[in-house]
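**Student:** Quick one: this structure, given as structure tokens, is what I'll be asking you about.
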Amino acid sequence: MSLFDDVQQFVREANRVTEFDELSRLLDGTIREFGFDYFALVHHSSVYKKRQALLSLHDFPDSWENIFRDRGYFFDDPVLVACEKYATPFVWTDVPQLVSLTPRQREVLDAATEAGLGGGYTIPIHIPGEGTAVCTFSTRIGRELPKATFPAAQYVGCFAFEAARRVASRKAPASLGLPREQTPPRLTRRQLDCVVLAGRGKSDRDVAQILGISDQTVHHHIEEAKRRYDVATRMQLVVRVLFDNHVVFADLLDRGIP
Amino acid sequence: MVDVITSNNRYKYAPLLDQMHRDRKTVFVDRLKWDIPVVDGQFEIDQFDTNAAIYLVATDPKRQRHLGSIRLMPSTGSHLLGDVFPHLCEKGVPVGDDIWEVTRLCTAPAPDIDPRPIRGKLLMALCEFGLLYGITTFTCVTHVQMLSTLLAVGWECEPLGVPQPVAGDMVGALAIKISPSTLQMLRQRMASRVPVLQLSDVAEAA
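Protein sequence lines correspond, in order, to chains A and B.
Positions 1 to 258 (my numbering) are the ones given, in order, by the first sequence.
Positions 1 to 206 (my numbering) are the ones given, in order, by the second sequence.
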């Protein structure tokens, strides 16, 4: 089968899937044909600003997923930064030219290598009004990226993302592909405000000043949010809130008061 | 509302068509830097803007202002995909009485205009036109960067080939399938319940 036959078949089958795991299996099969080992399809859309269906599908090894989450790498993933800035696909070895890397961002790239990820081909997906989505196909260490398949892979990524959006929009907005019983804890607007500002490194006093409330009220909001999330530290709270898609990475960069 | 302009009624729309070509020049040449011909330094017109072309043009109620437009060409005649980009189709250029090509989707670049509702109207008009005139498939050529936005419309799209480089950008050909459920889906998404096409003085399509 030619590359195009693979793409055509993928599109036809993706149009018929109704569940995330069906889509994952289909995508995994197709990209393996191309010579990739792993895929990730991520769309973190901020419910902080407005509610949107959310997406996080991948088949990375558990070890990498755990490291990524436990170390809070989402904040510092330079691949995500590059996606927000650029519209054309890139490979991970290009990232240092696209983003001037902080030591922490470099750490994320190095940790991926240590976890066995060799190279990656990342497709930024920008849909007006819906923020930035990311589709990455990567290889294990020691395997070359199949460059000849990149144009076909870009098509597969875009069609896969659209199929995932379609599946997500049929489910409850907050489900993220999880069973409905596992919807994330709700936070009030004020609690979210405090978490975002704390996530930007502001002290309780700074947050109080910015929001025009007292230090004690800020402390109370954050403690309540921690209680709802059942976590012990602020860092854990910010990471969880981020992964539950209440806010996105960009909200935590100091781009002015939301 | 969206008017249907053909060779039979275009004499009534000369100023509107002029505006359309001016706006196309601003959008495609000045902003997007496409390497396409410009006439008189102000109008974007190419070899496919002929009597065979049909234009769906969104206007204000007085029909004095071009708000947006799409150009349609029958696949059975000279068209962009068949003449210029056949290599984007792995299995041959789709040709048939029920297959038309869509090109030059453009919304007026004025700062007082919000392009999104106009684009929505043009897409619904495209669908209504297709259903009325027995068109089952619209083909198009698109930069791959626009693919996700195109797919996000929610209609059924199929790739016709793997994207190829054209003047430094990756470009691909797609086929969009039109059916009554496509129109239903679009109307639901745009929260619209009425037709947008104005057909009062349209003669038969080419």
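Every residue gets a Cβ at the ideal spot worked out from N, C-alpha and C, and that includes glycine.
Computed from a predicted model, the values in this text were never measured in an experiment.
Tell me whether GLN47 of chain B sits in a helix, a strand or coil according to DSSP, three-state version.
**Tutor:** Here GLN47 of chain B sits in coil by DSSP.
**Student:** Along chain A, in chain order, which residues have C-beta atoms closer than 7 angstroms to that of GLY161 of chain B?
**Tutor:** PHE4
**Student:** With a CB to CB cut of under 7 angstroms and the five nearest residues on each side skipped, what residues in its chain are close to TYR155 of chain A?
**Tutor:** Counting only Cβ-Cβ distances below 7 angstroms, and skipping sequence neighbours, we find VAL7.
**Student:** For SER56 of chain A, which three-state DSSP category applies?
**Tutor:** SER56 of chain A: strand per DSSP, three-state reduction.
**Student:** Tell me, please, which residues DSSP counts as bridged to LEU41 of chain A.
**Tutor:** A:LEU57 and A:CYS135
**Student:** For the region 83-102 of chain A, enumerate the residues whose C-beta is nearer than 9 angstroms to any C-beta of chain B, in chain order.
**Tutor:** Going along the region 83-102 of chain A in chain order, one finds ALA87, THR88 and PRO89 with a Cβ nearer than 9 angstroms to chain B.
**Student:** So, helix, strand or coil for ARG104 of chain B, using DSSP?
**Tutor:** strand
**Student:** In the DSSP output, which residue or residues are listed as bridge partners for ARG71 of chain B?
**Tutor:** B:TYR55 and B:THR103
**Student:** Starting from the C-beta of ALA14 of chain A, find all residues in its chain whose C-beta is less than 7 angstroms away, skip the five residues before and the five after it, and write them out in chain order.
**Tutor:** LEU23, LEU26, PHE159, ALA160 and ALA163
**Student:** Return the first residue and the last residue of the beta strand (DSSP E) that PHE10 of chain A is part of.
**Tutor:** Premise fails: PHE10 of chain A lies in the alpha helix (DSSP H), 3-14, not in any beta strand (DSSP E).
**Student:** Does PRO179 of chain A come within less than 7 angstroms of chain B when only Cβ atoms are used?
**Tutor:** Because the pLDDT of PRO179 of chain A is 36, which lies under 50, any placement of that residue in the model is unreliable, and the number read from its coordinates should be weighed accordingly. Not an interface residue.
**Student:** Would you say LEU72 of chain B and TRP100 of chain B are within 7 angstroms of each other, going by their C-beta atoms?
**Tutor:** yes
**Student:** Compute the Euclidean distance between the alpha carbons of GLU130 of chain A and SER148 of chain B, then round it to the nearest angstrom.
**Tutor:** 11 angstroms
**Student:** Over what stretch of residues does the beta strand (DSSP E) that includes TYR229 of chain A continue unbroken?
**Tutor:** First-last for TYR229 of chain A: 215-229, but that is the alpha helix (DSSP H), not the beta strand (DSSP E).
**Student:** Mapping the DSSP letters down to three states, classify ASN9 of chain B as helix, strand or coil.
**Tutor:** Coil at ASN9 of chain B, not helix or strand.
**Student:** How is PHE85 of chain B classed by DSSP in three states: helix, strand or coil?
**Tutor:** coil
**Student:** Alpha carbons only, please: which of A:PRO96, A:LEU192 and A:CYS83 is nearest the one belonging to ASP110 of chain A?
**Tutor:** A:PRO96
**Student:** From LEU151 of chain B to ASP204 of chain A, what does the alpha carbon distance come to, in whole angstroms?
**Tutor:** 44 angstroms
**Student:** Along chain B, which residues have their Cβ under 8 angstroms away from the Cβ of ASN15 of chain A?
**Tutor:** GLU156
**Student:** Can you grab the Cα-Cα spacing for the pair PHE60 of chain A / ALA133 of chain A, in whole Å?
**Tutor:** 17 angstroms
**Student:** On a Cα-Cα basis, can you pick out the residue from A:LEU187, A:ARG190 and A:SER169 that is closest to ARG189 of chain B?
**Tutor:** A:SER169
**Student:** Let me check understanding here. Comparing Cα to Cα, which of B:PRO159, B:MET1 and B:VAL38 lies closest to LYS62 of chain B?
**Tutor:** B:MET1
**Student:** Could you please tell me which residues of the region 77-108 of chain B, in chain order, have their CB closer than 9 angstroms to any CB of chain A?
**Tutor:** GLU90 and LYS91
**Student:** Taking all protein chains shown into account, do 16 or more other C-beta atoms lie within 10 angstroms of the C-beta of GLU114 of chain A, making it buried, or fewer, making it exposed?
**Tutor:** exposed
**Student:** First and last residue of the alpha helix (DSSP H) that includes PHE155 of chain A?
**Tutor:** First, the residue type needs correcting, since residue 155 of chain A is Tyr and not Phe in the sequence shown. Residues 150-170.
**Student:** Considering VAL27 of chain B, what are the terminal residues of the beta strand (DSSP E) in which it resides?
**Tutor:** Per DSSP, VAL27 of chain B lies in no beta strand (DSSP E) and is assigned neither H nor E.
**Student:** If the cut-off is 7 angstroms on Cβ atoms, which residues from the region 111-124 of chain A count as contacting chain B, listed in chain order?
**Tutor:** none
**Student:** So which of A:ASP193, A:GLY212 and A:ARG16 has the shortest CA-CA distance to LEU242 of chain A?
**Tutor:** A:ASP193
**Student:** Going by DSSP, what residue range makes up the beta strand (DSSP E) through ILE176 of chain B?
**Tutor:** 169-177
**Student:** Is DSSP giving PRO165 of chain B helix, strand or coil here?
**Tutor:** strand
**Student:** Could you check the C-alpha separation between GLY199 of chain A and VAL81 of chain A for me, to the nearest Å?
**Tutor:** 17 angstroms
**Student:** How long is the line joining the alpha carbons of ASP169 of chain B and TYR86 of chain A, rounded to whole angstroms?
**Tutor:** 14 angstroms
**Student:** Let me check one thing: in DSSP terms, what residues is THR139 of chain B bridge-paired to?
**Tutor:** B:GLU101 and B:ALA175
**Student:** If you reduce the DSSP assignment to three classes, tell me which class ASP3 of chain B lands in.
**Tutor:** strand
**Student:** Taking all protein chains shown into account, do 16 or more other C-beta atoms lie within 10 angstroms of the C-beta of ASP30 of chain B, making it buried, or fewer, making it exposed?
**Tutor:** exposed
**Student:** Classify ARG180 of chain A: buried if its beta carbon has 16 or more other beta carbons within 10 angstroms, exposed otherwise.
**Tutor:** Any reading at ARG180 of chain A needs caution, since the residue's pLDDT is 34, under 50, leaving its predicted position unreliable; the model's value is listed next. With fewer than 16 other Cβ atoms within 10 Å, it is exposed.
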